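To start, the structure under review is shown below, and the notes come after it.
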Amino acid sequence: MTKEENEKRLAYLKNIVLNMPEKPGSYQYYDDLRENGGTIIYVGKAKNLKRRVSSYFHREVDRYKTKVLVSKIRDISYTVVNTEEDALLLENSLIKKYNPKYNVLLKDGKTYPSILVTNEYFPRIFKTRHIDRRLGTYFGPYPHISAMYNILELIHKAFKPRRCHQPITQEGIDAGKYKPCLEYHIHNCEGCCIGRQSREDYLENIRQAKEVLKGNTRELSEWLYERMMANAKLLKFEEAERLKERYLLMQDFVSKSEVVSHTITDVDVFTITDDDNRKNAYINYIHVKNGTINQSFTYEYKRKLDESDEDLLLQAIPEIRDRFGSTAKEIIVPFEMEWKMKDADFFVPQRGDKKHLLELSEMNGKQYKFDRLKQSDKLNPEQKQTRLMKELQDKLHLAKLPYQIECFDNSNISGTDAVAGCIVYKGMKPSRKDYRKYNIKTVTGPDDYASMQEVVRRRYSRMKEEGTPLPDLIITDGGKGQMDVVREVVEDELHLNIPIAGLAKDDKHRTNELLFGFPPQVIGMKTDSELFHILTQIQDEVHRYAITFHRDKRSKHALHSELDDIKGIGSKTAEALLKAFKTVKSIKGATLEQLATAIGTAKAQLVYDHFQEGQQGEEA
């Protein structure tokens with residue numbers, strides 16, 4: 281598009297905006313003129329149409345995706361409504377109808393089962409995925425299959441609806457047309473097909489089953505209890521026993537399913553959780569009836585234009601409520617909403633059972649996000665590594681991904697047997713072939729800073745001489761002090777540009793913060809995050825590596841024998857001598873002939889001469 285064409289396009293669009301009313305409504309953007317068959321690419325809502333639409337053209341749009349949308353607009357239409365609630369509902373219906381390219385996309389194409397109560401002479405109750413309102417009354421849908429089966433199991437145990445598929449008529453029953461099936465013989469059916477159960481009694485059971493499906497379990501339990509006690513007073517003990525069994529089943533179901541007070545009669549709960557890069561949002565929905573969760577599901581929405589959390593919720597709430605057939609008058613949300621809805625009020629709880637429900641919904645949303653991330657990482661491990669490297673790069677503002685990370689640690693006891701270790705992580709995984717051990721050569725005494733400088737100097741001087749690729753990040757096992765001494769060597773002496781970070785510990789010797797920069801600053805990071813776990817793992821690994829090397833070196837000194845100092849005498853000869861004479865003192869006192877018997881003449885002479893020279897030196 282040329283500059284002149286773009287200016288003409290903007291002039292045409294601004295003219296439409298100037299004539300818009302300052303009333304609530306919905307607006308639609310097209311990718312071409314409507315008379316040319318333009319397609320709707322975006323549907324929005326507004327409390328004030330003129331003000332909202334003009335904001336796209338009369339101020340600088342700072343979001344890239346929105347800039348792209350504005351560049352694609354060729355025509356605008358709008359619909360005026362009476363209230364904000366109507367605008368919200370209209371937007372939702374238009375999005376469903378046209379599925380615009382730049383509107384939020386619901387990443388869910390599943391169909392969930394529902395429970396059907398048929399309109400037959402003797403109704404049946406079963407699960408189905410096919411919706412045909414002519415067949416009967418539907419309850420659901422049920423995103424959690426196990427919850428649906430739990431309800432069906434209760435209904436079949438308590439109310440025993442028939443499970444056969446044959447059409448039953450009163451004429452057929454009177455004529456003795458039907459025969460009892462296996463379900464009758466195993467007491468899963470009362471035998472309505474053979475006249476053992478009246479239609480009135482059967483329909484009463486179906487009515488009670490519908491109350492369970494509606495979530496009115498507590499009211500039904502109370503009604504069953506009253507009927508049971510009434511029959512007991514009338515000495516109808518068989519009927520009372522039957523009601524008692526049903527009542528106990530209901531009580532057991534209520535105790536397992538009720539999560540909050542039964543005074544919360546009919547409430548919808550919505551929360552939103554963003555992913556790490558705000559590309560997707562996870563909206564959790566919970567429907568509570570009489571303290572029991574009837575519906576619970578998490579939907580994933582894909583952002584198209586960097587929509588705010590409120591915008592996403594406003595689009596999702598009508599859609600989800602319509603999908604589940606919710607008519608709750610109260611909707612619990614995590615923050616105040618500017619928009620209103622018809623026949624329902626938004627509520628942000630601060631305490632109590634409703635606050636508990638909000639927290640429960642948030643927990644479900646976070647768990648769904650975690651599960652999705654875990655699933656994605658399992659299918660593509662490299663994606664996880666790249667994600668963690670990208671996260672670390674963003675946290676530290678590095679110029680490139682920290683693919684190769686190196687970490688150093690010292691180990692000594694009062695300066696003796698001083699050693700150091702260097703571990704290398706590549707792609708957030710340990711590269712053990714690149715690990716290096718160092719014996720401290722130039723430092724005497726317990727000077728950790730000087731030891732660290734020696735190791736770092738030796739490491740990077742050699743890498744510089746050999747032309748080996750330098751690390752993208754150095755991590756020190758320590759805070760500001762360790763970082764400063766490493767920087768002196770890397771930057772001031774070797775003139776290398778390698779970022780340096782430090783992992784500091786708290787009073788309980790637990791890693792609690794990441795330091796970076798000059799002077800070092802604490803980098804904000806949750807200690808329970810996956811990235812912090814990896815960094816802690818790096819620190820633990822270098823500590824383990826240095827300690828193991830130090831212990832090995834110390835063990836060799838502890839097991840050192842005077843026999844090891846004799847030139848020409850190896851470990852096997854020394855072992856043979858100790859086996860024959862038991863102690864070094866006995867070996868010292870042995871004659872040449874005795875030594876020769878154990879290890880041969882030549883080696884015996886070496887051992888004998890060594891100890892004879894030692895004795896002469898002591899006498900002198």
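Per the working numbering, the very first residue in the sequence shown carries number 281; after that it's consecutive. Where a beta carbon is used, it is the ideal one built from N, C-alpha and C, also for glycine. Quick caveat, the model's predicted, so the values are computed rather than measured.
**Message:** For Q531, which residues in the same chain have their Cβ closer than 8 Å to its Cβ, ignoring the five residues on either side in sequence?
**Reply:** If we look at Q531 and ignore the five residues flanking it on each side, its Cβ neighbours are S501.
**Request:** Out of E285, V384 and K620, point me to the one whose CA is closest to E580's CA.
**Result:** The option with the nearest alpha carbon to E580 is V384.
**Spatial distance of I296 from I356 (CA atoms)** = Each residue's Cα considered, the two are about 7 Å apart.
**Asked** Is D554 helix, strand or coil when you go by DSSP?
**Response** Correct three-state label for D554: strand.
**Asked** Should the segment 313–324 be regarded as contacting the segment 376–383, the criterion being three or more beta carbon pairs within less than 8 Å?
**Response** The segment 313–324 and the segment 376–383 touch, with no fewer than 3 CB-CB distances between them shorter than 8 Å.
**Asked** For H890, which residues of its own chain have a beta-carbon under 7 Å away from its beta-carbon, when the five flanking residues on both sides are left out?
**Response** Here the set comprises I846.
**Asked** Can I425 and P393 be called in contact, C-beta distance under 8 Å?
**Response** When the beta-carbon positions are compared, I425 and P393 come within less than 8 Å of each other.
**Message:** At the level of alpha carbons, what is the spacing between Y429 and T666?
**Reply:** Pairing Y429 with T666, the inter-Cα distance amounts to about 41 Å.
**Message:** Using only CA atoms, which one of E400, C702, K649 and E287 lies nearest to E483?
**Reply:** This sequence places Leu at residue 483; Glu is not what is there. Considering only alpha carbons, the answer is E400.
**Message:** As an exercise, report each continuous beta strand (DSSP E) stretch of at least 3 residues that is fully enclosed by the segment 388–416, in chain order.
**Reply:** Secondary structure within the segment 388–416: the beta strand (DSSP E) runs of 3 or more consecutive residues, fully enclosed, are 394–398 and 405–408 (chain order).
**Item:** Per-residue burial, V736 [other beta carbons within 10 Å of its own, 16 or more giving buried]
**Value:** So V736 ends up on the buried side.
**Asked** Does the pairing of the segment 401–416 with the segment 469–487 give three or more beta-carbon distances under 8 Å?
**Response** Counting C-beta pairs with one atom in each stretch, the segment 401–416 and the segment 469–487 have three or more that are closer than 8 Å, which means they touch.
**Asked** Identify the residues that DSSP records as bridge partners of L753: which are they?
**Response** Under the DSSP definition of a beta bridge, L753 partners with I685.
**Prompt:** If you draw a straight line from the C-alpha of I552 to the C-alpha of L515, how long is it?
**Reply:** Roughly 56 Å separates the two Cα atoms.
**Asked** With C-beta atoms as the reference, is K664 less than 8 Å away from Y562?
**Response** For K664 and Y562, no; Cβs fall outside 8 Å.
**Asked** To the nearest angstrom, how far is it from the Cα of Y422 to the Cα of Q575?
**Response** Between Y422 and Q575, the C-alpha separation is close to 7 Å.
**Item:** Under 8 Å between C-beta atoms of V699 and I612
**Value:** Taking 8 Å as the cut-off, the beta carbon of V699 is found no closer than this to the beta carbon of I612.
**Prompt:** Expressed to the nearest angstrom, what Euclidean distance is found between the alpha-carbon atoms of L298 and K347?
**Reply:** Cα to Cα, the separation comes out at about 20 Å.
**Request:** With DSSP as the reference, label G850 as helix, strand or coil.
**Result:** Coil.
**Prompt:** What did DSSP end up calling M621 once you bin it into helix, strand or coil?
**Reply:** DSSP, reduced to helix, strand and coil, places M621 within a strand of the structure shown.
**Prompt:** By a C-beta neighbour count over all protein chains shown, 10 Å radius and 16 as the cutoff for buried, is H445 buried or exposed?
**Reply:** Counting every other CB atom within 10 Å of its CB across the protein chains shown gives H445 a total below 16, marking it as exposed.
**Prompt:** To which residues of the same chain is I754 closer than 6 Å at the C-beta, ignoring the five residues directly before and after it?
**Reply:** So the qualifying residues of the chain are E686, I778 and I780.
**Asked** Between I353, G324, V323 and N328, which lies nearest to F337 when the distance is taken from Cα to Cα?
**Response** Comparing C-alpha distances from F337 to each of I353, G324, V323 and N328 shows the shortest one belongs to I353.
**Request:** Note down the Cα distance separating R713 from S731, rounded to an integer number of angstroms.
**Result:** Correcting the residue type first, residue 713 is Lys in the shown sequence and not Arg. Whole-angstrom Cα-Cα distance: 23 Å.
**Request:** Taking S741 as the reference, give the member of D764, E771 and G759 with the closest Cα.
**Result:** For the residues D764, E771 and G759, the minimum Cα distance to S741 belongs to E771.
**Message:** If I measure Cβ to Cβ from M300 and keep anything under 7 Å in the same chain, skipping five residues before and after, which residues do I get?
**Reply:** Closer than 7 Å at the Cβ level, and outside the excluded window around M300, lie L329, K330, V333 and Y358.
**Item:** Sequence-distant residues of the same chain with beta carbon closer than 7 Å to F517, five excluded per side
**Value:** Closer than 7 Å at Cβ, skipping near neighbours: no residue.
**Message:** On a Cα-Cα basis, can you pick out the residue from A876, F626, S691 and G707 that is closest to E662?
**Reply:** Nearest C-alpha to E662: G707.
**Message:** Using only the alpha-carbon positions, how far apart do P460 and G471 sit?
**Reply:** Cα-Cα distance, rounded: 7 Å.
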